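Participant: Okay, so the sequence shown: first residue is 0 according to numbering that gives the first Met the number 0, each after it adds one.
One structure is given below, represented as structure tokens, and several questions about it will come after.
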Amino acid sequence: MKMETTVEIQFTDQELQKIENLKSRYLKPDSVILEVLYLLQEKYGYISREGMKYAADLLGMTEEQVLGVVTFYSMFNTKPIGKYHLQVCTNVSCMLRGAYDLLKKLEAELKIKKGETTPDGLFTISEVECLGSCGTAPTIQINEDYYEDLNEEKLVQIISELKNK
Ligand code: FES
0 MKMETTVEIQ FTDQELQKIE NLKSRYLKPD SVILEVLYLL QEKYGYISRE GMKYAADLLG
60 MTEEQVLGVV TFYSMFNTKP IGKYHLQVCT NVSCMLRGAY DLLKKLEAEL KIKKGETTPD
120 GLFTISEVEC LGSCGTAPTI QINEDYYEDL NEEKLVQIIS ELKNK
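As structure tokens, then:
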């Protein structure tokens, strides 16, 4: 299992300036919490407790308030994830079109359970809420890309291609 290591969280002067510019557009500094969290995740790969504390200090929020935002949105990761983040939608449309079979197939194929990362650090499986692509269900998001109208065969092919990239 991949261990979390403590990394010192620090935005560059340029990143801090960007946040300050955004803050100046709003009455309340915490209005830019999502931008701060996106930046933390882009920079460190996930949002650690240290990252949440950093965001809280930066925006005058409590750590609990930041934790509430981080855990509300499925796009934020609170622990290190694999190179490919397989986000399986199991909401109604996808569920009716076989999302749980796809999830089981992924778990069997990669020999991990949802919420886990393969030992080589390549894949993490997550179960997520509606991805807004119900018309082409079942849908899986892999990093920033959507894979739609999937079946087990297509999924295995996609995983195989990613392994060989
Ligand atoms: S239910 Fe899966 S994308 Fe909407």
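For each residue, glycine too, the CB sits at the ideal point set by N, CA and C.
None of these values were measured; they are calculated from a predicted model.
For Leu130, which residues of its own chain have a beta-carbon under 6 Å away from its beta-carbon, when the five flanking residues on both sides are left out?
Facilitator: One-based indexing of the sequence shown puts residue 130 at position 131. So the qualifying residues of the chain are Cys88, Thr138 and Gln140.
Participant: Just tell me which of Ile18, Leu109, Asp144 and Gln9 has its CA closest to the CA of Lys52.
Facilitator: As a first step, residue 52 must be located in the sequence shown, where it is residue number 53. When each option's Cα is compared against that of Lys52, the closest is Gln9.
Participant: In whole angstroms, what is the alpha-carbon distance linking Thr77 and Leu102?
Facilitator: Residue mapping note: residue 77 aligns to position 78 of the sequence shown, counting from 1. Residue mapping note: residue 102 aligns to position 103 of the sequence shown, counting from 1. Distance between the alpha carbons of Thr77 and Leu102: 21 Å.
Participant: Tell me whether Leu130 counts as near the ligand FES, meaning its Cβ is closer than 7 Å to at least one heavy atom of that ligand.
Facilitator: For the purposes of this step, residue 130 is taken as residue 131 along the sequence shown, with counting starting at 1. Flag set: Cβ of Leu130 near the ligand FES.
Participant: DSSP puts Thr116 in a beta bridge; with which residues?
Facilitator: The residue labelled residue 116 in the question sits at position 117 within the sequence shown. Thr116 pairs with Thr123.
Participant: Comparing alpha-carbon positions, which option in Thr116, Asn150, Tyr99 and Val65 lies nearest His84?
Facilitator: Residue mapping note: residue 84 aligns to position 85 of the sequence shown, counting from 1. Nearest of Thr116, Asn150, Tyr99 and Val65 to His84, Cα basis: Thr116.
Participant: Using only alpha-carbon positions, find the residue among Asp148, Asn142 and Leu105 that is nearest to Ser159.
Facilitator: Along the sequence shown, one-based indexing puts residue 159 at 160. The option with the nearest alpha carbon to Ser159 is Leu105.
Participant: Can you list, in chain order, the stretches of the beta strand (DSSP E) that have 3 or more residues and sit fully within the region 73-119?
Facilitator: Counting only runs of at least 3 residues, the region 73-119 fully encloses the following beta strand (DSSP E) elements, listed from N- to C-terminal order: 83-88.
Participant: Going straight from the alpha carbon of Cys133 to that of Lys113, what length do you get?
Facilitator: Looking up residue 133 in the sequence shown gives position 134. Looking up residue 113 in the sequence shown gives position 114. Cα to Cα, Cys133 sits roughly 21 Å from Lys113.
Participant: Who are Tyr146's beta bridge partners in DSSP?
Facilitator: The residue labelled residue 146 in the question sits at position 147 within the sequence shown. Listed as beta-bridge partners of Tyr146 by DSSP are Ile139.
Participant: Is any non-hydrogen atom of the ligand FES found closer than 7 Å to the C-beta of Asn90, if you look at the structure I gave you?
Facilitator: Translated into the one-based positions of the sequence shown, residue 90 becomes position 91. It does: the Cβ of Asn90 is within 7 Å (strictly closer) of some heavy atom of the ligand FES.
Participant: Going by DSSP, what residue range makes up the alpha helix (DSSP H) through Asn163?
Facilitator: On the sequence shown, residue 163 is found 164 positions in, with the first residue counted as 1. No alpha helix (DSSP H) holds Asn163; DSSP gives it neither H nor E.
Participant: As a quick exercise: from Tyr99, Lys153, Tyr43 and Ser30, pick the residue whose alpha carbon is nearest that of Lys82.
Facilitator: Along the sequence shown, read from residue 1 onward, the residue named residue 82 stands at position 83. Ranking Tyr99, Lys153, Tyr43 and Ser30 by Cα distance to Lys82 puts Tyr43 first.
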